[in-house]
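Residue numbers (full-length UniProt numbering), protein chains in the order written: chain A, 1 to 218; chain B, 1 to 218; chain C, 1 to 218; chain D, 1 to 218.
Structure first, commentary second.
4 protein chains.
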Amino acid sequence: MIAGDPAKRSGTPSAERGRLDKRRAIVEAALRVFSQVGYAQASVDAIAAEAGVAKPTIYNHLGSKENLFRHVMTEMAARDNGKALEALEFFPTGPADLRTSLEAVARKLVDCYRDEQSEAVRRLLYAEVVRFPDLFDAVQASGPDQFIEALAGRLARLANAGLLSLKDPVRAAHQFIALVYDELPRMSAYGTRSLGQTEVDKVVADGVDTFLRAFRMR
Amino acid sequence: MIAGDPAKRSGTPSAERGRLDKRRAIVEAALRVFSQVGYAQASVDAIAAEAGVAKPTIYNHLGSKENLFRHVMTEMAARDNGKALEALEFFPTGPADLRTSLEAVARKLVDCYRDEQSEAVRRLLYAEVVRFPDLFDAVQASGPDQFIEALAGRLARLANAGLLSLKDPVRAAHQFIALVYDELPRMSAYGTRSLGQTEVDKVVADGVDTFLRAFRMR
Amino acid sequence: MIAGDPAKRSGTPSAERGRLDKRRAIVEAALRVFSQVGYAQASVDAIAAEAGVAKPTIYNHLGSKENLFRHVMTEMAARDNGKALEALEFFPTGPADLRTSLEAVARKLVDCYRDEQSEAVRRLLYAEVVRFPDLFDAVQASGPDQFIEALAGRLARLANAGLLSLKDPVRAAHQFIALVYDELPRMSAYGTRSLGQTEVDKVVADGVDTFLRAFRMR
Amino acid sequence: MIAGDPAKRSGTPSAERGRLDKRRAIVEAALRVFSQVGYAQASVDAIAAEAGVAKPTIYNHLGSKENLFRHVMTEMAARDNGKALEALEFFPTGPADLRTSLEAVARKLVDCYRDEQSEAVRRLLYAEVVRFPDLFDAVQASGPDQFIEALAGRLARLANAGLLSLKDPVRAAHQFIALVYDELPRMSAYGTRSLGQTEVDKVVADGVDTFLRAFRMR
DNA sequence: AATGAATGAGGTTTCATTCAT
DNA sequence: AATGAATGAAACCTCATTCAT
């Protein structure tokens, strides 16, 4: 990103740049098409049209429809995971406004989960787990697993600070997510219908409330 | 039509019986195939072979691949819902062994959810919600919605008995399910890998524990 | 057709009667369907539904779709031919009002040709002549050939009466039909669009006029 | 694009040439197959085999069986019309050998009409007018209508030259065609059986004779 | 590197026909 | 005699992939 004048550079890199741009366009177009019609019903023709390239170009870059799908899923999952980890930076570390701070973080996390692309990736993962079991593992390792670890760490810090009473921080992290998010997918038809902000906030607040009732040090 | 040994009756009933048998075979075969390869990639040929009938027979009975899919989903979802409601009958009503009873019920429920067919239907629903939004509604109405209501009623009874402290039984019902089940799909790769009974039981026990810490009357 | 009480007759004839009724219903239903969608695209299912019988009943009566088609075509063609021959009975034999009488007969004939069923049969014959060459011969022999002979006889009588000057009455008969009818099929899109009576009458009158200019004894 | 030996030019033009060749081969093969088995019973497989291309190539070029049929009909009708109009160039303009010249032109015209492809198109048009009413209009407008106008013009010139006595040249044009052609389709089983040249010539000569008896200035 | 054209394989669906009742 | 159910064959059309340019 921090290049000099690309025109001054030797031929290959700028060509390489165009090549990467095209690759990126293909992958993003593919996510759009896959998420709208599903893996099997997405035609490479449609993806090529959406990306504005010729069909063989896709094969030149990605090799096959299956491989294209793998790249779409892993790259998008990694991007989603990054956003969720960012949200964790606002996690509270002290007693001040514990409930308010937790709710704020939970809302940020839920917003990440409810992001359209994120839900699309999750639907595709659910749909194709039988045919692409390795994809499930890749996404899980690069996404939720890392995230749960990070969240567990934050919760453990609060426990160390004497604010929470936790036996198993990892389990608690799972339960935190379950409490603030689990009801939402069914409310939004797995992310295909938009929800009112107030009903989302109520679910989050109730989840945090239950979490604190269970784990706040008395 | 008026009972009696059907085998002894004249042609029509037994023919009707045979017809229904064939229809049932088709629907069950279709679930197997759909759940293994997905809706779009399931060929009617494969379903016919799995059901042991000729392809046009499927069209005679169900009309189209899409209609077949709808029937598979709604009929299977209704069946799953029935099992879950049965499990609720063992819900505790008194203080005796509250934790133990809740854990027992939760294990039964989780077993229903973890049933292979049940997970397959859920995966297909997740996968096809964009293409079949009405199916989502039908399944939701005939399944989870009814079940959550029933569970909320049971929890409200415990609250009335002075055993739990609940503001919103429906929300609590959602949270109960979230706590005892939510972690499992990711552990089992959305139901495609089997879990050890002890790890499942640990999740359930921890979920019930958190639930009781939050809601047991002190 | 001139029976006593059919109920008094022995079982077979009345059964036979019902059987013939059903056969007739099938053939007439078949013409309707064939003429609307063509031979190949007419499904035996649709014909059975139109006739109000079960599909195998058609096979019991007519043996096969092809045979059914043959019967439809020959029976309808014979019926049409009968009507055309009837129209010839009004053919003039003397000098009185020769033009007026010829026009009247020509109008009747053209009405026969323009009849909806008649046009439908002609379209089907045209369409299937490659696949059913024998049908063409059967229809030709039982219809147009007979009719042309009859018309030629009528014209010859007029010639004998010194009213027309004809070398070849059969050729003249063909030309008469050509002059009064030939333009109409293209005007009516081969019988699929209705024509105004006045434009039809004009064609007929002009045809008769040309015929008389060519053949009236001077 | 600017002439020159196309074989020597760079890729695009010759590729385009190849593409058009393939399209032409498809359309011509399609007419052969359609005319032999009819529209509905013609399989795209058979057309592909006859054209020596793969089935999807047909869909790439023409889009659908129905569209292919439309193109076959309109292109062939236009071609036939061109030949008929060419024949008109030999139409007499002066009194010299009027009968002989008219017979010569009529024979040329009848040869156009009796051409195998031309009869095939007419049969298909007749057969499918119910399902493709727009095709009838398109063919009529690009073919017979133009031709009748041209023929009427030629006849009007003869009238102006004082050779014919015509009130309505368009009607006379229709009648000319009717007299010299109308009998032939039934003689040749709608163009599916070949006729002897002498019987054809006799019909034509008799038709011209009747036409001249009716319209030659006395 | 990128593309237009072509294809083999396989998809859903329809249909004429037969069998058991 | 009449029917509901079942089927084998074949139809139209789509698609992932490759080749020549």
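From the three backbone atoms N, C-alpha and C, an ideal C-beta is built for every residue, glycine too.
Would DSSP call Arg-122/C helix, strand or coil?
helix
Run through the DSSP bridge pairs and tell me what Ser-164/A is partnered with.
Per the sequence shown, the amino acid found at residue 164/A is Leu instead of Ser. The partner list for Leu-164/A (beta bridge, DSSP) reads Arg-216/A.
Whose C-beta lies closer than 7 Å to the C-beta of Phe-69/C among residues of the same chain, with five residues either side of it excluded?
Phe-34 and Tyr-39
I want to see whether chain B comes within less than 8 Å of Pro-95/A, judged by CB atoms only; does it?
no
Arg-79/B versus Ala-106/B: straight-line alpha-carbon distance, rounded:
19 Å
Are the beta-carbon atoms of Val-121/C and Met-187/C separated by less than 8 Å?
no
Counting only Cβ pairs nearer than 7 Å, list the residues of chain C close to Val-130/D.
Gln-36 and Thr-192
Whether Arg-123/B touches Ala-189/A by CB criterion (8 Å)
no
For Gly-196/A, name the three-state secondary structure that DSSP assigns.
coil
Straight-line CA distance for Thr-198/D to Asp-168/C?
17 Å
Would you give the residue range spanned by the alpha helix (DSSP H) that Gly-191/A belongs to?
Here Gly-191/A belongs to no alpha helix (DSSP H), and DSSP marks it neither H nor E.
Residue range of the alpha helix (DSSP H) that includes Gln-175/C:
169-181
Determine, for Ala-84/D, whether the minimum Cβ-Cβ distance to residues of chain C falls below 8 Å.
no
Considering only residues of the same chain and omitting the five flanking positions on each side of Phe-147/A, which have a CB-CB separation below 7 Å?
Asn-81, Ala-84 and Leu-85
Beta-carbon spacing of Leu-31/B, Val-72/B below 8 Å:
yes
Of all the options Ile-47/D, Glu-116/D and Val-53/D, which has the alpha carbon lying nearest to the alpha carbon of Leu-195/D?
Glu-116/D
At least 3 beta-carbon pairs within less than 8 Å: the segment 197-216 of chain A vs the segment 153-163 of chain B
no
If we cut at 8 Å on Cβ distances, does Tyr-113/C have a partner in chain D?
no
In whole angstroms, what is the alpha-carbon distance linking Ser-118/B and Ala-87/A?
34 Å
My parser needs the alpha helix (DSSP H) runs of 4 or more residues fully inside the segment 103-155 of chain B; what are they?
116-128 and 133-142
Measure from the C-beta of Leu-163/D to each C-beta in chain C and report whether the shortest distance is under 8 Å.
no
Could you check if Lys-202/B is buried or exposed, using at least 16 other CB atoms within 10 Å of its CB as the buried criterion?
exposed
Express the C-alpha separation of Lys-22/D and Lys-8/D in angstroms, rounding to a whole number.
Caution applies to Lys-8/D, whose pLDDT of 36 falls short of 50 and renders its modelled position unreliable; the model cannot decide the point.
In or out: Gly-207/D buried (at least 16 other Cβ within 10 Å) or exposed?
buried
Three-way DSSP call (helix, strand, coil) for Gln-36/C in this model:
helix
Is there a Cβ of chain B sitting closer than 8 Å to that of Arg-99/A, yes or no?
no
Determine the direct distance from the alpha carbon of Leu-151/B to that of Pro-13/B, and round the result to whole angstroms.
Because the pLDDT at Pro-13/B is just 44, under 50, the model does not fix this residue reliably, and the point stays unresolved.
Any beta carbon from chain B within less than 8 Å of Ala-136/A's own beta carbon?
As written in the sequence, residue 136/A is Phe, which differs from the Ala given in the question. Judged by the 8 Å Cβ criterion, Phe-136/A is in contact with chain B.
CA-CA distance, Thr-100/C and Phe-90/C?
12 Å
Beta-carbon separation (whole angstroms), Asp-182/D vs Asp-182/C, contact threshold 8 Å:
5 Å
Pro-92/A burial status per 10 Å Cβ neighbour count (16 or more: buried)
buried
Is the beta carbon of Leu-125/A sitting closer than 8 Å to the one on Val-110/A?
no
In chain order, what residues of the same chain lie with their CB nearer than 8 Å to the CB of Ile-177/B, ignoring the 5 residues before and after it?
Leu-109, Ile-148 and Leu-151
What does the alpha-carbon distance come out to for the pair Ser-142/C and Tyr-113/C?
15 Å
CB Ala-54/D to CB Ala-29/D, shorter than 8 Å?
no
Check Thr-210/D in the structure and name its three-state DSSP category.
helix
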